[in-house]
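Engineer:
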Amino acid sequence: MIKISNVSKIYSNRQKVLDDLSLHIKPGEFVSIVGQSGAGKTTLVKILIGEERVDSGQVLVGDWDITKLNKRAIPFLRRQIGVIFQDFKLLPKKTLQENVAFALEVCGAPVDKIKKIVPSVLKIVGLEDKAKRYPREVSGGEQQRAVIARSLVHQPKILLADEPTGNLDAINAEEIINLLLRINKFGTTVILVTHNKEIVNRLHRRVITMERGVIISDQEQGKYLL
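Numbering-wise, the sequence shown is residues 12 to 237 according to my numbering.
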């Protein structure tokens, strides 16, 4: 599903953020990528969604060779990868339903498809009764669930969650993680990028630990040891 081979990334200040990094994530896995600030996690996320280019090495996501991807193909790649960030990035003047629909509208999806998919993904995340509310009218946890719904509209094979619980309290954070686990049971590969030790250690899933651009630990049912 995802195969990263000998990838290095150096920024303009000559700082090597990723250093000959290799990683393989199989279809249907739930993987946590952890590490302290500056470990290279965010750069890795940006590379996977085509926002950053590698300086050397190869990145394969399904049938896509991201290292050879041109800019025109990036929107199509991002339909294969659902992305959830710490900041919700919901449009404040659109309802939750409209926010989710917008992800389909910008791709030119037909109206009948939008009317079918939007209620379905809102139901998956438990927001069917709040579809017509605006982001300011719901809690942070509900906003993040709307973001997850939006990320599911293209039925992605991979869900990439970058610090999805960073702005949430413990109860809402647990609900989001449980939702990600449920989505994973449907067969979606889930990559959780986080520094939340408590969440990672409770999952008992594969844990990849990064430090200074390299992988220092890769454990099945591992723990966040840093």
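Cβ atoms here follow ideal geometry from the backbone N, Cα and C, with glycine treated the same way.
On a CA-only basis, which of P121, L55, W75 is nearest T205? Give me that one, please.
Structural biologist: L55
Engineer: Could I get the ranges of all uninterrupted alpha helix (DSSP H) runs contained in the segment 172-208, with 4 residues as the minimum, in chain order?
Structural biologist: 181-196
Engineer: Are the segment 163-181 and the segment 14-26 in contact at 8 Å, needing three or more beta carbon pairs?
Structural biologist: no
Engineer: If you measure between the beta carbons of F99 and V158, is that distance less than 7 Å?
Structural biologist: yes
Engineer: Classify L238: buried if its beta carbon has 16 or more other beta carbons within 10 angstroms, exposed otherwise.
Structural biologist: For residue 238 there is no data in the structure shown, the boundaries of the chain being 12 and 237.
Engineer: Quick check on the burial criterion: 16 or more other C-beta atoms within 10 angstroms. Buried or exposed for N189?
Structural biologist: exposed
Engineer: Taking 8 Å as the limit between beta carbons, can you name the residues of its chain near P121, skipping five residues before and five after?
Structural biologist: Counting only Cβ-Cβ distances below 8 Å, and skipping sequence neighbours, we find nothing.
Engineer: Can you tell me whether D244 is buried or exposed? The criterion is at least 16 other CB atoms within 10 Å of its CB, across all chains shown.
Structural biologist: There is simply no residue 244 to check, as the chain begins at 12 and stops at 237 in what is shown.
Engineer: Using the three-state DSSP reduction, which class does F96 fall into: helix, strand or coil?
Structural biologist: Coil.
Engineer: Any contact between the segment 31-41 and the segment 218-232? By contact I mean 3 or more CB pairs, one from each, below 8 Å.
Structural biologist: Because the criterion of three Cβ pairs below 8 Å is met, the segment 31-41 and the segment 218-232 touch.
Engineer: For the candidate residues E186, V201, K134, whose alpha-carbon lies nearest to that of A172?
Structural biologist: V201
Engineer: At the level of alpha carbons, what is the spacing between V257 and L163?
Structural biologist: Here the chain has residues from 12 to 237 only, and residue 257 is not among them.
Engineer: Can you tell me whether P146 is buried or exposed, with buried defined as 16 or more other CB within 10 angstroms of its CB?
Structural biologist: Taking all protein chains in view, the Cβ of P146 is crowded by 16 or more other Cβ atoms within 10 Å, so the residue is classified as buried.
Engineer: What are the boundary residues of the beta strand (DSSP E) that includes T220?
Structural biologist: 217-222
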